[in-house]
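Each residue of the sequence shown is one higher than the one before, starting from 1180 at the first, in our numbering. We put the beta carbon where it would ideally sit given N, CA and C, even for glycine. Reviewing the structure listed below.
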Amino acid sequence: MRYGSLILILIGLLTASAFGQNRSLAILPLNLGSGVSSPEKFNASTEATGALYSALQKASGVMVYRARANHPSLSRAVAEGRLRRERLDPPYTGREVDGTWVGVRLGRELSADYVIVGTVEEFSSADGGKSARVTLNIDLLEVKTNRLVLSSAESGVGRISDDQPVGNQAYISALNDAASKIKAGVLEAVGVTEQSPEAQKRNKRQGELGVAALFGVSFLIGLRLLTQR
1180 MRYGSLILIL
1190 IGLLTASAFG
1200 QNRSLAILPL
1210 NLGSGVSSPE
1220 KFNASTEATG
1230 ALYSALQKAS
1240 GVMVYRARAN
1250 HPSLSRAVAE
1260 GRLRRERLDP
1270 PYTGREVDGT
1280 WVGVRLGREL
1290 SADYVIVGTV
1300 EEFSSADGGK
1310 SARVTLNIDL
1320 LEVKTNRLVL
1330 SSAESGVGRI
1340 SDDQPVGNQA
1350 YISALNDAAS
1360 KIKAGVLEAV
1370 GVTEQSPEAQ
1380 KRNKRQGELG
1390 VAALFGVSFL
1400 IGLRLLTQR
């Protein structure tokens, strides 16, 4: 019994050391603002959400993921009656009658620390599709406190060269530009900083060593327990 308790304590300490500093940030799909429409064969909502994810997901100290309406945790909450089915439909901005942010309500079911909700407020092109301009308006919500931590609206521009065929690249570049401007404020608000690739590799290696230590210590204690029987 004594060694069993020691194993549990060591598992807790080593796991906390390896993973405990990570916070989770869920990005809910951005909806299209009034008067905004997607170009043909281009989903502005999906691409805007993806641009935010790409901008934020490499930061150290926060686990970023996209939470679609069909996320298993949300589907389970609906099936068990904790969440109304219509809550899975955008927009996810605004508050409920009791004052809870809609994004926070969903974030609780996702077990997220923070949630990003928002709107694509502008989506336009010029020069026959050679250039594009977008504006993203996002809110960062802290789930535990039901607090609006940050509101940010940033515009991005994208352009392709005259010799490139017209497609969606100008839109994608504009979305990435806007998302990159939003990134710094979000990371500062959640208390993390973007790290260089070298630092990311170093932190990953430290996490791997923590896991290896966890199994190694558990194995040695298990052997000791068996030899004393």
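| field | Nearest candidate by alpha-carbon position, reference E1219, set T1372, L1315, G1346, S1352 | value | G1346
| Looking only at its own chain, which residues have a Cβ that is under 8 Å from the Cβ of G1278, when we skip the five neighbours before and after it? | N1325
| query | Less than 8 Å separating the beta-carbons of H1250 and L1289? | reply | yes
| said: Report the start-end ranges of each beta strand (DSSP E) in the region 1236-1317 that is 3 residues or longer and not cut off at the edges. | reply: 1241-1245, 1293-1305
| message | Looking at G1308: is its Cβ nearer than 8 Å to the Cβ of A1349? | response | yes
| field | Inter-residue Cα distance where the pair is G1240 and E1301 | value | 31 Å
| query | Apart from the five residues just before and just after L1211, which ones in its own chain have a Cβ nearer than 8 Å to its Cβ? | reply | If we look at L1211 and ignore the five residues flanking it on each side, its Cβ neighbours are S1217, A1223, S1224, T1298, V1299, F1302.
| Taking the C-alpha atoms as reference points, what is the distance between S1352 and R1312? | 9 Å
| query | Tell me which same chain residues have a C-beta within less than 7 Å of the C-beta of A1305, skipping the five on either side of it? | reply | none
| request: Would you mind reading off the limits of the alpha helix (DSSP H) that contains S1359? | output: 1348-1369
| query | Looking at C-alpha atoms only, which residue of L1253, G1337, Y1232, S1213 is the closest neighbour of V1283? | reply | L1253
| message | Quick check: the Cα distance between A1363 and Y1244, rounded to an integer number of angstroms? | response | Each residue's Cα considered, the two are about 17 Å apart.
| field | As assigned by DSSP and simplified to three states, the class of L1211 | value | Residue state, collapsed to three classes: strand.
| query | Ordered along the chain, which non-local residues of its own chain (more than five positions away) have a Cβ less than 6 Å from that of V1296? | reply | L1207, Y1271, T1272, G1282, D1318
| task | Measure the beta-carbon distance from G1286 to V1294 and round it to whole angstroms, keeping in mind my assumption that it falls under 8 Å. | result | At roughly 4 Å, the Cβ-Cβ gap stays under 8 Å, so G1286 and V1294 are in contact.
| request: Round the Cβ separation of V1322 and A1291 to the nearest angstrom and send it over; I've been treating them as touching at under 8 Å. | output: 6 Å
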